[in-house]
Amino acid sequence: MEQVKTTNSRLFITSLVESRDELDEKYERCYLCLQNLTSGLSEKDAHDALNNTVCKDMRNHEEISLGLLVTILTEPQNAAKSYRDLTLITRDGLGLVLVHLSQLIQERYSRLLDKVRQQLLWLVREMIKNAVTGVDGLCWNLMRHIAGGDVSPRNVALAEALLDIYSDNRVWLDKFPFLIASVVYAYLRLIEDHHGMLLSQLRQREVAFTVTLMREKFTECLIIGRDLLRLMQNVARIPEFEQLWKDILTNPKSLCPTFSGVLQLLQSRTSRRFLQSRLTPDMEKKIVFLTSQVRFGMHKRYQDWFQKQYFATSESQSLRCDLIRFIVGVIHPTNELLCSDIIPRWAVIGWLLTTCTSAVAASNAKLALFYDWLFYDPEKDNIMNIEPAILVMHHSMRSHPTVTATLLDFLCRIIPNFSPPLTEKVRNGIYTSLRQILEKRVLPSLFPLFDNPKLDRELRTMVRETFKEFCQPPILEGVDMPPASLHPVKMEDFTGQVARNSPPHLMSAMDGHPNHSSQNNHSGENEPAFSEDDDDDDDDIPLAKVRLKEKSSNLDVKQEESEINQLLDGELRAAVEELLFEKDNEVKCQAMEKLVQLIIQDEIDSDVASALGQALCSVLKEQLEGKVFPPEVNDESIEDSIGRPLFVMLRNLLQIPEDDPNRRPILLVLAEMYSNEPRVGYLLLYFLKACKLNDGKASVYKDFCQALDKDLESCLVSDLKLCQEDDMSLFCWLVPEVYSQFPSVALGQAELLQLVVSAVDARQLQDLVCHILQGRLVMFRSDSFLAALSASLTWETFEQFCLWQLVAAHSIPLEYVLPLLPRLRFAAHAEALTSILLLLKKEKPTVEILKQLLAREVRSEDVFVVSALKYWSQEHEDMLGGLISGLLVRHSATSPPNKRKRGNPGNKGGSASASATSGPPPEKVLAHLDQLRQCCRQSHFFSLDSIQRALNRAQSACTETQKKRFSDLFALAEVEEPPPVETKSSSGKGSGGGRGRRAGGGHSGSGKGAKSRVVKEVSESSDDTSEGEGIVKPKQAKKRKKANPVASDSD
């Protein structure tokens, strides 16, 4: 078995996951080329050799330049000499080196070894001393890697190193106005983080350098725009900056003759490049991916990953402002993206606000969100800069009213408090922003937001006083609006009226989900989940009295009572009202029991069932929309979770026999509840698993589906899809029960499988695998397995890998997977081919496996077949040689020499069997062997007797074109000696060679029969026994060849 040599990278940190890539290999080749060229030469001879080489062509110039660059970055003792050589041999003013350095900094800086990072800074310093053109770009990219909110030693060291470079090369820095502004912007932001005692000395140096630079180059700093003042506010208490603030406010001309005051800066929009510069390239890549590739509903895992990596410390909370400014000012999605199901910007910002753990950082984050509102000018600013803030407030009102309340409170208070002399300017800016929002139809009206009953009375009063112009109820065409004083308009009512009178894109904007999701018949399914604990946290509202929950609860009770009075009467109405007004859960359950008995006794019709279902949805709204699955799963917690009124109705339904007509009225009511609140479907599935009763579970759900006039499969998938979106833990808990109770529709169902793998995390996948290994879960069926695999080829990579983990857990035989092989493309189906290759590695080669494997098309970039054959040639060499030999010999036997055409019963049987189980054509087999030949030149595989005979036989049966095409392959076959030579040799006497030839001759009579048996066994059988018999003869022939090569290949 060949040993694969692994070497560590000179430049990068490598691991099993991140191994050496193509660029790293290129740098290694260039380094070795340089070493081969200069090793053993004197300094003068080495210099002459380098000059002569780079003069030949640009390729040599690139190799030598990169070799010297690698030497500089990896060998500090040779860095000075290599840099001198580099400056002497360069033909483009180090342009090529700068390009590669930029690539390293932007794309691979986080993977560079510490030694390489230090040498990179040394090289930048040397290039600055030599005034190399373009080094300012390297410095700008390096500054991006100083992450905000990070006080780790490595991050602080980079900040200090760049500060040293700028301080020591101040004359050079003054030549680049944009770099000066970027340095000021970066270090103003970093000073905020460097507040600890350990960093006091560095902070003082940063303050002195930044203040000096701003005072001397304030004209260059003006290009930053309004965000310059935002950052200066965070460091205003530092004495040096306090004095600078005084000069800006009272004597602006002393800083710059053209500077008129803070208003000039505040009215100037900040360039995207400054906002981008405060995110590392890795952060930028992940945020852009989140807002352009991740679907709404699938975003939580990505947000959790981001939070663990970048928000793990208390200092990192200040990073939220940088992210919000980047999302607001840089990420401006296209119309196509806005209309898609990709997570919108406002949802990401809502997550950043609600997960903030620092009061100061939260206040700064709100300012970052509204900063462009304060001095908004439609001629200079972009509507996309103010859109996220209004949408965060609008969409949070339903599920997170505290978020909306804190933002509205902040918006009202910032007008007089931001800058008292500029109060009217700020008011005009915010008013202009709100008018622009209405003109551009970001929202159809601000009335439902500013005058919403979910807001505290004090806050509503402040909003009305601050934004009188926008607090008037709109007059909608075709809608009669009564006086607001008599009938206050609720946000939900207004949204419904607007939706009936608005184009589809406005409806989708108000509902909080894209157009194409409107087919879902339940409300709020795409509501963003900013954080799990937000609903119970009222401390975020800076008002004296907060009564949101009590007031909204009282309003809901009054509304529900009114609806019940309109819809029901008699005993049903009394029972539902008792269910509504009771607070104690046990009494509620008793009321529900009484209501169920009334439903059964009265045998209600469809009209009454419709009214009752609607009323129950309103009464049980909190239970239907809340979380039912306990955080800690045990028998006691599960039993407690189903001790609620809704489950009393479901328990009665389960206890009624399947053929009892009393089931029908309860099913009618549940069906009507489902039409108003589809969560009833998966709550029924939850109850069926949670309850202790074992009989009739499946029949209850099937009857429920019939009552809905839906087939079992579509109903099951839609319920589980909603469950997956609402509560992934509950979904994973239900999966084994669904597969065991409904195997006819669940096993192998592709859409259900995708639901499972699309949202599980590693822990949940582990639980499913454990269920499978314990025999409690079966997810596949033989007749639908191949269809499910075919459907999975279009899924996302993570989903496919999860699916193959489940396949591996089931120990599904390889023959179920093999028919898929010829259809898979190497470039397009990497996930499936990787998994199948790992399955093949565990198997020994068989005839059936080789038939499917060698049936794949041969392409130079497709190394799937070669990889499998190469592995087997190392582990099962003789077996593989015998099987491939059998395939080739069988096909070549269809056109044998004339002497083989005599009647032979054995041959006839073999031919019939071969035609019945035809394998890949010989040309395709030869093509795969030729590809294997190119891959493993040192392998002993092609010297096997079985392969030698097969190649000779195939060559004799090939056309001239095929012989020419596979000439290199056929060249590996040894030429067979004619039979007469062996006959004469066998009669010789006396010598050892003669005895060897006689031994060979002793086997020659059975050689032909042995070959026939190989062909026959390979073509007639695919089991391991026949394959083992078919490869015994070639192994013996191999031993004979060592004794006497002349006689071993005789036919």
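Residues in the sequence shown are numbered from 29 upward in steps of one, following the working numbering. Backbone N, C-alpha and C fix where the C-beta goes; we use that ideal spot for every residue, glycine too.
Problem - Burial state of Pro764, where buried means 16 or more other Cβ atoms lie within 10 Å - result: buried
Problem - Alpha-carbon spacing of Val125 relative to Leu94, whole angstroms - result: 7 Å
Practice task
Count the other C-beta atoms from every protein chain shown that fall within 10 angstroms of the C-beta of Glu1045, then say buried if there are 16 or more, exposed otherwise.
Solution key: Reliability fails at Glu1045, whose pLDDT of 39 lies under 50, so the model's placement of it is uncertain and no value is given.
Handout entry: Euclidean distance between Cα positions of Glu268 and Ala185
Key = 24 Å
Practice task
For Phe970, collect the residues of the same chain with a Cβ closer than 7 Å to its Cβ; drop the 5 residues on either side in sequence, then sort them by chain order.
Solution key: Arg961 and Leu1000
Practice task
Could you have a look at Leu140 and say whether DSSP puts it in helix, strand or coil?
Solution key: strand
Exercise for the section: For Leu474, count neighbouring C-beta atoms within 10 Å of its own C-beta (all shown protein chains included) and say buried if the count is 16 or more, exposed if not. Expected result: buried
Handout entry: Simplified DSSP assignment, three categories, for Arg145
Key = helix
Exercise for the section: Keeping to the same chain, check which residues put their C-beta closer than 7 Å to that of Met425; ignore five residues upstream and five downstream. Expected result: Thr432, Leu477, Asn480, Lys482 and Met519
Problem - Cβ neighbour criterion (16 or more within 10 Å) applied to Gln976 - result: buried
Problem - Spatially closest choice to Val263 from Phe246, Glu234 and Asn279, by CA coordinates - result: Glu234
Problem - Local conformation of Ile25 per DSSP, three classes - result: Given that the chain is displayed from residue 29 to residue 1079, the structure contains no residue 25 and the question cannot be resolved.
Exercise for the section: Classify Arg254 as helix, strand or coil using the three-state DSSP reduction. Expected result: coil
Exercise for the section: Could you pull out every residue in the same chain whose Cβ sits closer than 8 Å to the Cβ of Leu801, ignoring the five residues on either side in sequence? Expected result: Ala837
Problem - Outcome for Ser974 when other beta-carbon atoms lying within 10 angstroms are tallied against a minimum of 16 - result: buried
Practice task
Write down the C-beta distance between Val953 and Leu915 rounded to the nearest angstrom, noting that I regard them as a contact closer than 8 Å.
Solution key: 6 Å
Handout entry: Asp739 and Arg691 closer than 8 Å at C-beta
Key = no
Problem - Buried/exposed call for Gln345, threshold 16 Cβ in 10 Å - result: buried
Handout entry: the segment 147 to 163 in contact with the segment 282 to 292 per 3-pair CB rule at 8 Å
Key = no
Problem - Euclidean distance between Cα positions of Tyr55 and Thr118 - result: 17 Å
Exercise for the section: Identify which residue in Arg804, Thr66, Ala375 and Gly947 has its Cα closest to the Cα of Leu878. Expected result: Gly947
Practice task
Examine the Cβ distances between the segment 272 to 283 and the segment 217 to 234 and report whether three or more of them are shorter than 8 Å.
Solution key: no
Problem - C-alpha distance - Leu866 paired with Leu366, whole-angstrom precision - result: 41 Å
Practice task
Count the other C-beta atoms from every protein chain shown that fall within 10 angstroms of the C-beta of Phe317, then say buried if there are 16 or more, exposed otherwise.
Solution key: exposed
Exercise for the section: If I'm right that Tyr714 touches Leu780 with Cβ under 8 Å, what's the distance once you round it to whole angstroms? Expected result: So it is not a contact: roughly 17 Å between Cβ atoms.
Handout entry: Burial state of Trp333 (16 or more Cβ within 10 Å)
Key = exposed
Exercise for the section: Quick one: using the 10 Å Cβ neighbour count with 16 as the cut-off for buried, is Glu614 buried or exposed? Expected result: exposed
Exercise for the section: Work out the CA separation of Pro472 and Pro501 for me, nearest whole Å. Expected result: 11 Å
Practice task
Could you have a look at Phe609 and say whether DSSP puts it in helix, strand or coil?
Solution key: helix
Exercise for the section: Whole angstroms is fine: what's the gap from Leu402's alpha carbon to Gly457's? Expected result: 5 Å
Exercise for the section: Give the DSSP-derived three-state secondary structure of Phe770 in the structure shown. Expected result: coil
Handout entry: Beta carbon of Glu599 nearer than 8 Å to that of Leu640
Key = no
Exercise for the section: Leaving aside the five residues before and after Ser1040 along the sequence, list all residues of the same chain whose C-beta is less than 6 Å from its C-beta, in chain order. Expected result: Reliability of the predicted coordinates at Ser1040 is poor, the pLDDT of 39 falling under 50, and the value obtained from them is presented with this limitation in mind. Cβ neighbours of Ser1040 beyond the five flanking positions: none.
Practice task
Count the C-beta pairs between the segment 652 to 665 and the segment 602 to 613 that are closer than 8 Å, then say yes if the count reaches three, no if not.
Solution key: no
Handout entry: Contacting residues, own chain, Cβ-Cβ under 8 Å from Ser895 (five flanking each side not counted)
Key = Leu865
Handout entry: Stretch pair the segment 163 to 170 + the segment 58 to 72: three plus CB contacts closer than 8 Å
Key = no
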